[in-house]
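The structure appears right after this line, and notes come after that.
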DNA sequence: CATGAATGAGCATTCATTCAT
DNA sequence: TATGAATGAATGCTCATTCAT
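Residue numbers (this note's numbering), protein chains in the order written: chain A, 42 to 246; chain B, 42 to 246; chain C, 42 to 246; chain D, 42 to 246.
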């Protein structure tokens, strides 16, 4: 192994060391209590070192969000690889998204953080990077729909548009978790979620 | 006008003065830069005075969010009162929600803030107040669907569930605005939005 | 009842109303969370009214401290009135002081507040008032010792000095409660307290 | 001198710089007016810097109190090392405690602050640290009594308990300084103090 | 008598970031 | 590369007191 490779490896190790610390903080106390100083303490590194490997806090968050998206992707990918009927795949993907929002709440908060922050300035590279992670997931859904349509299981002519509707709807519904005790009344969100999935799938059959 | 009335009026005026300041800040620099100290400066009042009229920062945000929800409600209510066919009403409501998210971005950011912040410490009263404002909007949609179903224009048996799906989907889709240049590729969100509305309405016809 | 008397009575009622509120706050959340604003809310009176009846916060605290001292006095007075032997009386007084410090912690904190605050400015009247309340208690002890000496049960020639030593020692010991888990090691303070009382009494026998 | 040593030295210097500032404030205007902001201004450092060296305000107070206890310890230790008779040592220790309470009033106020504040949230480590400083002083007294008892000068079987009584009594008596013009009447506290010391010592002879 | 609106200095603490070493 | 000392603006919030009505 040459000097260059070793350097690159060490570099990656350090980055991971930092992300490990950030992740640990994120999971133990939530997004609001992740600060650079705390990360540096947790990682047993100087704050300066953190800034050597990450330009700013946003970049660390981005990396963590990518982790979350990758995890989500792998879950959804697995479903897409099964032999289940197309319809069933969509249903399972939808359900797994709901589960992800509950069981990986911290990652989900992070995704929402990036999705809802009105911050104007966002480095284009960073933004692109995140969006592409999201896109991969969208493509899975899109492919299932497209494939289903080819095989005449579905009758959707615009799989891309539909996949955005599909995911957008699921995403929007997760936010209604906060209304479970109020607006939703005696129903729980999961019920409504399943109803919605049913309807969305039905609409392309 | 008696003393009591005048006092009550002055009280409301002051409250408005504070909300004006808060709104101005919110609209000029975004939610993150609204602080009590800044509000007090903007309103030309002591911070103590702010706290005399509002228990805490959250309450000011709540009031502002209610403004936004009231505005949204009035828009949607107007549509519901027209003589347009049910289907058309839903379409217009959907469209107006999209427009609201773009034209009243600051109110919309505020709504998203409350919807996605992982903070829990929200006072039940405040939360209930907001949720009920949201509920009023939901009920309009629900009524249109219910009425449409009664008149056999729609065939939806569960108008409540469907209205949640409807609004949730629209809401989720607005978040994709951020992906317009990346994931959405050459399409713009409005197109997809209209496609989605079409599909959702179609699913109950 | 003439106008004057009624006025005086009303005046006292209002004062009590205020003290009731202050006491309630003191007992429910401790000395640090008693503020004029809170008192006024609790008493359902305007803050201005509070200031009409009490010159400042200190005066309210003084009144409450007097309550505490009066309560303490009544406890000690009762003991002094029994037929118990002088020695036994002293022992019981000592014990009741310890109990008072534990069971009426809030009053005791208040006493300590006045006793340890390094504040320079203290209105002479106020100070005198408090001191006299303390003096009454001291006099009881002093009388018991004096009487005991007259009857040759004790051999103390200077009952005043001894009573100050007696009370001062007891008071100082109560502060060691904070050391129970550290300096005091495996002993508890009560044990040491009793030991001390024994010694002090023994020293005048 | 290596880099490490120099760093450590500088660190200590900064800490002292902060403590100097805190001490100056404490001594010039009393404990109530020591705030972190004031310290930072006095020390000509940013507030953040204060927090870099001390975890919180309490820790600064702790350090200052330790200074006081160390000073007191050194005074008492010197006495314990003399060739004076045991009895005389106790007398001198007692007297020096009184003098300390008058001449180093600010340190004494600090000690009282920690001893009487009803605040609970004290960190165990900090509390232990302080208590151990106090314990060292107590042990000196205890040893003198124990040694005296071994040599049959005293007849105390429980030196620990007695040393607590001894110190507790002296400590309690210092609080009566406030009563010099009122309860104590024509006597001054020093007189009573000496009387008390005499009695306490006499009780173990 | 009674009110309650208004004050604004003050509080302890956190933060992302910089930069000389 | 790596460090960690230093910053100081900023945060939400409390407080005793005043005073015009």
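Even for Gly, the Cβ is constructed at its ideal location relative to N, Cα and C.
With a Cβ-Cβ cutoff of 7 Å, do residue i and residue j count as a contact?
i	j	result
residue 101 of chain B	residue 93 of chain B	no
residue 23 of chain A	residue 71 of chain B	The shown model of chain A, from 42 to 246, leaves out residue 23 of chain A, and the question about it has no answer.
residue 84 of chain B	residue 58 of chain B	yes
residue 131 of chain C	residue 242 of chain C	yes
residue 182 of chain B	residue 141 of chain B	no
residue 186 of chain B	residue 165 of chain B	no
residue 67 of chain D	residue 184 of chain D	no
residue 135 of chain A	residue 230 of chain A	no
residue 195 of chain A	residue 172 of chain B	no
residue 75 of chain A	residue 63 of chain A	yes
residue 244 of chain A	residue 244 of chain B	yes
residue 120 of chain D	residue 202 of chain C	no
residue 43 of chain D	residue 213 of chain C	no
How far does the alpha helix (DSSP H) with residue i in it reach, from first residue to last?
i	result
residue 244 of chain D	Per DSSP, residue 244 of chain D belongs to no alpha helix (DSSP H) and is neither H nor E.
residue 200 of chain D	200–215
residue 127 of chain B	127–144
residue 124 of chain C	Per DSSP, residue 124 of chain C belongs to no alpha helix (DSSP H) and is neither H nor E.
residue 82 of chain A	77–84
What's the C-alpha gap between residue i and residue j?
i	j	result
residue 152 of chain C	residue 55 of chain C	24 Å
residue 116 of chain A	residue 78 of chain B	46 Å
residue 237 of chain C	residue 209 of chain C	12 Å
residue 86 of chain B	residue 168 of chain D	43 Å
residue 82 of chain C	residue 81 of chain B	24 Å
residue 240 of chain A	residue 73 of chain B	38 Å
residue 113 of chain C	residue 150 of chain C	13 Å
residue 124 of chain B	residue 46 of chain B	41 Å
residue 103 of chain D	residue 180 of chain C	38 Å
residue 49 of chain B	residue 97 of chain B	20 Å
residue 110 of chain D	residue 144 of chain D	14 Å
residue 246 of chain A	residue 205 of chain A	17 Å
residue 128 of chain D	residue 88 of chain C	58 Å
residue 218 of chain A	residue 60 of chain D	51 Å
residue 138 of chain C	residue 65 of chain C	23 Å
residue 223 of chain C	residue 215 of chain C	15 Å
residue 235 of chain B	residue 51 of chain B	46 Å
residue 154 of chain D	residue 99 of chain A	44 Å
residue 53 of chain B	residue 69 of chain C	33 Å
Look up residue i in the DSSP assignment and say whether it is helix, strand or coil.
i	result
residue 44 of chain D	helix
residue 97 of chain A	coil
residue 158 of chain A	coil
residue 192 of chain A	coil
residue 184 of chain B	helix
residue 254 of chain D	Since the displayed chain D opens at 42 and closes at 246, residue 254 of chain D lies outside it and no answer follows.
residue 53 of chain A	helix
residue 87 of chain C	coil
residue 223 of chain B	coil
residue 229 of chain D	coil
residue 197 of chain C	coil
residue 71 of chain A	coil
Members of the stretch 216–229 of chain C that neighbour chain D once the beta carbon cut-off is set at 7 Å: 216, 217, 219, 220, 223, 224
Residues, ordered as in the chain, of the stretch 198–209 of chain A that lie near chain B by beta-carbon distance below 8 Å: 199, 201, 202, 203, 205, 206, 208, 209
Residues of the stretch 64–92 of chain A whose Cβ lies closer than 8 Å to any Cβ of chain B, in chain order: 71, 72, 73
Interfacial residues, the stretch 165–182 of chain A to chain B, with Cβ spacing under 8 Å: 168, 169, 172, 173, 175, 176, 179
Chain D contacts from the stretch 235–246 of chain C (Cβ-Cβ distance under 7 Å): 236, 237, 240, 243, 244
Contacting positions in the stretch 138–164 of chain A - beta carbon closer than 7 Å to chain B: Of all residues in the stretch 138–164 of chain A, 150, 153, 156, 157, 159 have a Cβ within less than 7 Å of some Cβ in chain B.
The stretch 99–128 of chain A: positions lying closer than 9 Å to chain B by Cβ: none
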